[in-house]
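K.L.:
Here it is, the structure in full.
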Amino acid sequence: MTISCDEEFLEPEPLSFLSPDNTLVDASGFDALLITLRKELRWQYDGERSGICSQSITTDIGFAPARNNRVPRNLPLQFTPNSDGGYTMLEYFNRAYSRPISTANLLLFYADRADLESEDEKNSITAAAYFHRSYWYYQLVHLYGDVPFVGQVITGPKLDYFTHSRKTILDKIESDMEFAVQWLPESNVAGGETKWAGYHLLTKIQLANSNFTGAVQSATEIIDGPFSLVENRFGVDANNPDRDYIWDLARPENVFNGANTETILGFVDRFEAPQSANSGGTGRATHRDFVPAWWNGGVRDSNGARGSIDRIGGVWTTMIDTIGRGNAWSRATPYYIYEMWDDANDLRRSDGNWVDKDELVYNNPSSADYLQPVNPNNFADPAQDSLQFYYAFPHYKTFIAHDESDDSRPDGGFGNGYIYRLAGTYLLRAEANYWLGNTGAAADDINKVRNRANASDIGGGDVTIEKILEERAKELYLEEPRKVELTRIALIMADNNLNGYSIDNLSEKSFYFDHVIDKNIFYQVGSTIRGVQATIEPRFVLWPIPAATITNNSQGVINQNIGFPGAEQNIPPLTVIDDSQ
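Quick note: the sequence shown uses our numbering, first residue 75, plus one each step.
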């Protein structure tokens with residue numbers, strides 16, 4: 075079912091060839107729809123210019139250096155209500171409503187009407203639907219701010235949506251998740267929603283709602299639960315002496331391994347799965363999105379000839395199989411690659427887990443410099459080309475082995491992944507304690523994660539919001555949607571008038587913008603590639619809402635974010651959720 079007024083939403087999207095009236099009558103029918111919702115959780119991790127990639131290029135840890143003028147690095151010119159340069163910043167809005175939110179609403183509608191065995195069964199289905207709906211609304215309000223809250227099944231075109239305030243939606247999903255954690259199961263199938271995943275999401279929502287005491291309590295439920303940080307070798311590659319348990323933890327094959335005591339919620343996406351059970355296409359394009367284009371024809375040797383290649387005689391080269399065929403749709407910033415690392419013993423930045431620049435070698439047998447380190451001074455434009463072709467990257471995070479039976483490009487294919495894990499919970503509780511002024515307790519939780527990675531302790535006096543963000547980037551790179559979390563923190567500061575920030579002038583001054591400009595050197599200095607200068611402005615604390623969605627909503631008003639065309643027509647957002655909407 076569709077619920078938006080963009081063109082793709084004007085026609086109902088059939089969820090099944092079978093009518094829900096016939097299928098959503100018992101537990102098996104509801105389970106089938108829950109599988110659809112679980113598949114949606116992996117959407118933002120799949121494909122080139124994925125959601126995670128798209129978020130990163132508007133933050134402190136990523137940048138779009140590709141040598142074409144379409145990619146959005148000058149955000150005022152290239153990321154508008156009508157275009158996002160082929161990334162997924164606008165798609166987040168439409169997809170969240172048309173797929174997971176509408177599917178969750180369908181579950182809720184029929185859970186009230188189906189002939190279920192007990193009230194407990196109904197409550198369990200309701201809890202699962204609340205989890206998925208809340209997951210996506212949490213993202214929407216931190217990407218776009220005030221948005222419509224749709225809580226009912228929409229059976230046809232609807233043109234009269236109105237915007238609800240962010241705080242109203244946060245209150246609603248906090249209440250929903252307080253109910254959900256009472257009824258979600260303690261264990262489930264791989265990729266299934268559980269009580270623990272519910273508490274993790276509730277922790278994030280409570281932080282966003284400035285309910286810091288509640289966030290500490292919710293995170294503690296998980297930390298005191300059946301989880302522990304991984305500190306020993308396990309799973310695939312466990313017998314490889316060149317690797318360590320940090321490498322093991324990041325392996326897609328190990329996400330649901332029985333020895334993995336850290337997974338709270340993951341997504342299932344394996345090559346050997348049937349097409350209906352994996353992401354389709356090329357899977358998770360982590361190589362294309364985050365690895366440099368080290369194989370590109372622009373990687374020249376000392377003779378000005380092509381020094382690196384991806385295929386020899388139609389066969390993928392060893393380096394392609396080893397580190398992937400990257401394209402740097404989002405290259406890491408020097409802040410992430412170098413500046414935030416404060417302990418040389420930190421396994422998350424160890425030689426075995428990263429590929430550093432000096433490890434990139436010319437792999438073209440015809441090159442005069444074959445197997446010699448790549449020299450960027452040989453590039454046609456060293457300053458510009460190096461941004462896409464030549465930088466260090468966290469191999470342990472980006473690498474997904476290429477299935478030998480698949481001859482498609484090794485872009486970073488099918489692989490299970492994390493949505494929530496225990497290390498992230500510790501860092502959420504640390505943040506909640508930081509806001510409460512309990513910096514000693516915050517340091518204790520940060521040190522749990524640091525010590526596991528062989529990094530030294532920090533003290534309570536070292537705990538700042540910037541330090542917490544650093545630890546989250548070190549630990550959760552490519553797992554946690556970075557833009558959502560940066561904006562959430564910016565909104566906490568604005569809501570509480572901290573550090574000179576205010577919700578009244580958010581589009582002009584925010585922690586998000588100040589932090590990105592301070593940490594992302596490419597936006598800070600205005601790096602220019604192919605004549606396009608890297609630029610970001612304060613208004614991008616909230617992304618623009620797709621223009622077509624606003625225009626086609628002819629009988630209602632969906633507000634545009636301040637600073638973007640159409641905002642002059644905004645009206646005050648709704649502050650009450652009508653269950654009939």
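We put the beta carbon where it would ideally sit given N, CA and C, even for glycine.
For G309, which residues from the same chain have a beta carbon less than 8 angstroms from its beta carbon, with the 5 sequence-adjacent residues on both sides left out?
P.N.:
Closer than 8 angstroms at Cβ, skipping near neighbours: D322, R325, E327, N328, N331, A333 and N334.
K.L.:
On the criterion of 16 or more Cβ atoms from any shown chain inside 10 Å, does G486 qualify as buried, or is it exposed?
P.N.:
The residue is buried, with at least 16 neighbouring Cβ atoms inside 10 Å.
K.L.:
I need the boundaries of the alpha helix (DSSP H) containing T337, first residue and last residue.
P.N.:
Taken as a continuous stretch (DSSP letters only), T337 belongs to no alpha helix (DSSP H), being part of the beta strand (DSSP E) at T337 to F341.
K.L.:
My parser needs the alpha helix (DSSP H) runs of 4 or more residues fully inside the stretch 137-210; what are they?
P.N.:
With a minimum length of 4 residues, the continuous alpha helix (DSSP H) runs that stay inside the stretch 137-210 are 149-152, 165-170 and 176-185.
K.L.:
Kindly indicate the opening and closing residues of the beta strand (DSSP E) around I493.
P.N.:
Note, I493: beta strand (DSSP E), G491 to R495.
K.L.:
Going by DSSP, what residues sit across from V606 in a beta bridge?
P.N.:
DSSP lists I603 as partners of V606.
K.L.:
Does R374 come out as helix, strand or coil in the three-state DSSP assignment?
P.N.:
Residue state, collapsed to three classes: strand.
K.L.:
Do I603 and P315 have their CB atoms nearer than 8 angstroms?
P.N.:
It is not a contact, given that the beta carbons lie outside the stated cut-off.
K.L.:
Take R385 as the anchor and find which of S376, W368 and N377 has the nearest alpha-carbon.
P.N.:
Nearest option by C-alpha distance: W368.
K.L.:
Leaving aside the five residues before and after Y204 along the sequence, list all residues of the same chain whose C-beta is less than 6 angstroms from its C-beta, in chain order.
P.N.:
Within the same chain, Y204 has close Cβ partners D250 and A254.
K.L.:
Considering only C-alpha positions, which residue in the set N142, W210 and I411 is nearest to A547?
P.N.:
Of N142, W210 and I411, the residue nearest in Cα terms is I411.
K.L.:
What runs of the alpha helix (DSSP H), each 4 residues or longer, lie entirely inside the stretch 235-317?
P.N.:
Segments of the alpha helix (DSSP H) lying fully in the stretch 235-317: 240-257, 269-282 and 286-297.
K.L.:
Using CA atoms only, rank isn't needed, just tell me which of S157, I126, L303 and H206 is closest to K113.
P.N.:
Cα-wise, what sits closest to K113 is H206.
K.L.:
How big is the Cα-Cα spacing for D311 and F467?
P.N.:
Going from the Cα of D311 to the Cα of F467 covers about 20 angstroms.
K.L.:
So, are the CB atoms of F587 and P618 less than 8 angstroms apart?
P.N.:
No, the Cβ-Cβ distance between F587 and P618 is not below 8 angstroms.
K.L.:
If you measure between the beta carbons of A504 and I493, is that distance less than 8 angstroms?
P.N.:
No, these two residues do not count as a Cβ contact at 8 angstroms.
K.L.:
Check for me: the alpha helix (DSSP H) holding D518 runs from which residue to which?
P.N.:
Element bounds for D518: T513 to R526.
K.L.:
Which whole-angstrom value is the C-beta distance of N168 and V224, which I expect to be below 8 angstroms?
P.N.:
Between V224 and N168 the Cβ distance is about 12 angstroms, and since that is not below 8 angstroms, they are no contact.
K.L.:
In the DSSP assignment, find the alpha helix (DSSP H) that holds G388 and state where it starts and stops.
P.N.:
Note, G388: premise wrong, no alpha helix (DSSP H); not H, not E.
K.L.:
I need the boundaries of the alpha helix (DSSP H) containing V221, first residue and last residue.
P.N.:
Per DSSP, V221 belongs to no alpha helix (DSSP H) and is neither H nor E.
K.L.:
Using the Cα positions of S128 and Y161, report the straight-line distance between them to the nearest angstrom.
P.N.:
Answer to the nearest angstrom: the Cα atoms are 6 angstroms apart.
K.L.:
If distances are taken between C-alpha atoms only, which option among Y235, T200, M163 and P174 comes closest to C632?
P.N.:
The question names Cys, but residue 632 in the sequence shown is Ile. Here the closest residue by C-alpha is Y235.
K.L.:
With a CB to CB cut of under 8 angstroms and the five nearest residues on each side skipped, what residues in its chain are close to F91?
P.N.:
In this predicted model, F91 has a pLDDT of only 39, less than 50, meaning its place in the structure is not dependable enough to derive any value.
K.L.:
Do the stretch 578-594 and the stretch 445-452 touch if we need at least three Cβ pairs shorter than 8 angstroms?
P.N.:
At 8 angstroms Cβ cutoff, the stretches do not touch.
K.L.:
Is the stretch 535-543 touching the stretch 507-523 in the sense that three or more CB pairs, one from each, lie closer than 8 angstroms?
P.N.:
They touch, by the three-pair rule.
K.L.:
So, for N401: in the same chain, excluding its five sequence neighbours on each side, which residues have a beta-carbon less than 6 angstroms away from its beta-carbon?
P.N.:
R362 and A367, listed in sequence order.
K.L.:
Give every residue of the same chain whose Cβ lies closer than 6 angstroms to the Cβ of G600, excluding the five residues on either side of it in the sequence, and list them in chain order.
P.N.:
Excluding sequence neighbours, G600 sits near Q607 and A608.
K.L.:
Closer than 8 angstroms by C-beta to V272: which residues in its own chain qualify, once you throw out the five before and the five after it? Chain order, please.
P.N.:
According to the sequence displayed, residue 272 carries Gly and not Val. Around G272: A201, F205, M251, A254, V255 and L258.
K.L.:
Which full runs of the alpha helix (DSSP H) of 4+ residues lie inside the stretch 611-647, going along the chain?
P.N.:
For the stretch 611-647, whole alpha helix (DSSP H) runs of length 4 or above, ordered along the chain, are 621-626.
K.L.:
Taking contact to mean 3 or more Cβ pairs, one atom from each stretch, closer than 8 angstroms, check whether the stretch 494-513 and the stretch 286-298 are in contact.
P.N.:
Counting Cβ pairs under 8 angstroms, three or more are found: they touch.
K.L.:
To the nearest angstrom, how far is it from the Cα of D417 to the Cα of S424?
P.N.:
Taking the straight line joining both Cα atoms gives about 10 angstroms.
K.L.:
Is it buried or exposed for R524, if we count other Cβ within 10 angstroms and need 16 for buried?
P.N.:
R524 is buried by the Cβ-count criterion.
K.L.:
K241: which of N579, R613, R562 and S440 sits nearest, CA to CA?
P.N.:
Ranking the options by Cα distance to K241, first place goes to R562.
K.L.:
Would the beta-carbon of G491 fall within 8 angstroms of that of F341?
P.N.:
It is a contact, given that the beta carbons lie within the stated cut-off.
K.L.:
Using only alpha-carbon positions, find the residue among K583, R405, I243 and A641 that is nearest to I131.
P.N.:
The shortest C-alpha separation from I131 is found at R405.
K.L.:
Counting C-beta neighbours from all protein chains within 10 Å, is the total for R495 16 or more, i.e. buried, or is it exposed?
P.N.:
Under this definition R495 is a buried residue.
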